[in-house]
Amino acid sequence: MKKLLLTLFIACFTVVFANAQDAPKKPTSFPWNKAALTEIGCNPDQIKKIATIKKEATEKRTKIEADATLDEKAKKTAIKAVVKERNEAMMAELNDEQKKKVEEINAKLKEEAKAGNQ
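According to numbering that gives the first Met the number 0, the sequence shown is numbered sequentially starting from 0.
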(Lines of atoms letter the chains of each structure in order from A; the text may use other names.)
(Lines give C-alpha, C1' and ligand atoms only; values in the text may rest on other atoms or scores of the structure.)
Protein backbone atom coordinates (compact mmCIF):
# COMPACT_ATOMS: atom_id res chain seq x y z
CA MET A 0 0.00 0.00 0.00
CA LYS A 1 2.84 2.37 0.87
CA LYS A 2 4.52 1.67 -2.48
CA LEU A 3 1.29 2.43 -4.34
CA LEU A 4 0.80 5.72 -2.50
CA LEU A 5 4.43 6.68 -3.05
CA THR A 6 4.15 5.87 -6.77
CA LEU A 7 0.95 7.95 -7.10
CA PHE A 8 2.56 10.84 -5.23
CA ILE A 9 5.61 10.79 -7.50
CA ALA A 10 3.42 10.61 -10.62
CA CYS A 11 1.30 13.58 -9.48
CA PHE A 12 4.38 15.58 -8.51
CA THR A 13 5.97 14.89 -11.91
CA VAL A 14 2.86 16.05 -13.79
CA VAL A 15 2.55 19.24 -11.72
CA PHE A 16 6.25 19.98 -12.08
CA ALA A 17 6.20 19.43 -15.86
CA ASN A 18 3.20 21.73 -16.34
CA ALA A 19 4.75 24.45 -14.22
CA GLN A 20 7.52 24.81 -16.81
CA ASP A 21 5.16 26.07 -19.53
CA ALA A 22 4.90 29.75 -18.69
CA PRO A 23 3.07 31.85 -21.28
CA LYS A 24 5.38 33.81 -23.54
CA LYS A 25 5.05 37.57 -23.65
CA PRO A 26 5.16 39.34 -27.00
CA THR A 27 8.51 40.81 -28.02
CA SER A 28 7.22 43.14 -30.71
CA PHE A 29 4.20 45.27 -31.56
CA PRO A 30 1.19 42.95 -32.05
CA TRP A 31 -0.39 44.74 -35.05
CA ASN A 32 -3.91 43.73 -34.00
CA LYS A 33 -6.96 46.00 -34.11
CA ALA A 34 -6.76 46.92 -30.42
CA ALA A 35 -3.06 47.85 -30.63
CA LEU A 36 -3.57 49.82 -33.84
CA THR A 37 -6.47 51.73 -32.29
CA GLU A 38 -4.31 52.41 -29.23
CA ILE A 39 -1.65 54.16 -31.33
CA GLY A 40 -4.28 56.26 -33.10
CA CYS A 41 -4.91 54.47 -36.41
CA ASN A 42 -8.11 55.29 -38.25
CA PRO A 43 -10.39 52.54 -39.63
CA ASP A 44 -8.95 52.95 -43.15
CA GLN A 45 -5.40 52.35 -41.90
CA ILE A 46 -6.52 49.33 -39.89
CA LYS A 47 -8.24 47.88 -42.98
CA LYS A 48 -5.14 48.39 -45.16
CA ILE A 49 -2.88 46.80 -42.55
CA ALA A 50 -5.25 43.82 -42.23
CA THR A 51 -5.05 43.37 -46.02
CA ILE A 52 -1.24 43.52 -45.92
CA LYS A 53 -1.17 40.91 -43.13
CA LYS A 54 -3.56 38.64 -45.05
CA GLU A 55 -1.48 38.83 -48.24
CA ALA A 56 1.73 38.12 -46.31
CA THR A 57 0.12 35.12 -44.63
CA GLU A 58 -0.94 33.75 -48.03
CA LYS A 59 2.61 34.19 -49.37
CA ARG A 60 4.07 32.49 -46.32
CA THR A 61 1.65 29.56 -46.66
CA LYS A 62 2.64 29.10 -50.31
CA ILE A 63 6.33 29.15 -49.39
CA GLU A 64 5.84 26.59 -46.61
CA ALA A 65 3.87 24.32 -48.98
CA ASP A 66 6.47 24.55 -51.77
CA ALA A 67 8.16 21.14 -51.86
CA THR A 68 10.86 22.33 -54.29
CA LEU A 69 12.49 24.54 -51.64
CA ASP A 70 14.78 23.20 -48.96
CA GLU A 71 14.47 24.40 -45.34
CA LYS A 72 17.15 27.09 -45.69
CA ALA A 73 15.53 28.53 -48.83
CA LYS A 74 12.11 28.51 -47.15
CA LYS A 75 13.49 30.31 -44.11
CA THR A 76 15.17 32.94 -46.31
CA ALA A 77 12.01 33.46 -48.37
CA ILE A 78 9.84 33.75 -45.25
CA LYS A 79 12.24 36.31 -43.76
CA ALA A 80 11.91 38.35 -46.96
CA VAL A 81 8.10 38.18 -46.79
CA VAL A 82 8.11 39.23 -43.12
CA LYS A 83 10.44 42.14 -43.84
CA GLU A 84 8.31 43.24 -46.80
CA ARG A 85 5.15 42.96 -44.65
CA ASN A 86 6.64 45.00 -41.81
CA GLU A 87 7.84 47.72 -44.18
CA ALA A 88 4.42 47.89 -45.87
CA MET A 89 2.60 48.12 -42.54
CA MET A 90 4.96 50.84 -41.28
CA ALA A 91 4.42 52.75 -44.54
CA GLU A 92 0.70 52.98 -43.70
CA LEU A 93 1.43 54.81 -40.44
CA ASN A 94 2.12 58.51 -39.96
CA ASP A 95 5.28 59.69 -38.20
CA GLU A 96 3.69 59.91 -34.75
CA GLN A 97 2.26 56.39 -35.04
CA LYS A 98 5.61 55.02 -36.26
CA LYS A 99 7.29 56.56 -33.23
CA LYS A 100 4.76 54.91 -30.90
CA VAL A 101 5.29 51.51 -32.55
CA GLU A 102 9.06 51.85 -32.20
CA GLU A 103 8.68 52.84 -28.52
CA ILE A 104 6.41 49.84 -27.84
CA ASN A 105 8.85 47.51 -29.66
CA ALA A 106 11.77 48.84 -27.61
CA LYS A 107 9.81 48.47 -24.36
CA LEU A 108 8.71 44.89 -25.15
CA LYS A 109 12.24 43.84 -26.17
CA GLU A 110 13.62 45.36 -22.95
CA GLU A 111 11.03 43.48 -20.88
CA ALA A 112 11.81 40.23 -22.69
CA LYS A 113 15.53 40.76 -22.15
CA ALA A 114 14.97 41.44 -18.43
CA GLY A 115 12.74 38.36 -18.16
CA ASN A 116 15.39 36.07 -19.67
CA GLN A 117 18.04 36.98 -17.12
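Virtual Cβ for every residue (Gly too), placed ideally from N, Cα, C.
>> Tell me the DSSP secondary structure of Lys25 in three-state form.
In response: The residue given as residue 25 occupies position 26 in the sequence shown. Lys25: coil per DSSP, three-state reduction.
> Which residue from Asn42, Ser28, Glu38 puts its Cα closest to that of Glu110?
Replying inline: Position 111 of the sequence shown, counting from 1, holds the residue named residue 110. Checked all of Asn42, Ser28, Glu38; the closest Cα to Glu110 is Ser28.
>> My output table needs one value for Gly40: the three-state DSSP class, helix, strand or coil.
In response: The count along the sequence shown starts at 1 and reaches residue 40 at position 41. Of the three classes helix, strand and coil, the one that applies to Gly40 here is coil, per DSSP.
> What do you reckon, are the CB atoms on Lys145 and Trp31 nearer than 8 Å?
Replying inline: Lying before the first or after the last residue shown, residue 145 is absent from the chain, which here runs from 0 to 117.
> What residue from Glu103, Ile78, Cys41 has the CA that sits closest to Lys59's CA?
Replying inline: Sequence index remark: in the sequence shown, residue 59 carries index 60 (1-based). With distances taken between Cα atoms, Lys59 lies closest to Ile78.
> So which of Met90, Lys25, Glu64 has the shortest CA-CA distance to Lys74?
Replying inline: Taking the first residue of the sequence shown as position 1, residue 74 is located at position 75. Of the candidates Met90, Lys25, Glu64, the one whose C-alpha sits nearest the C-alpha of Lys74 is Glu64.
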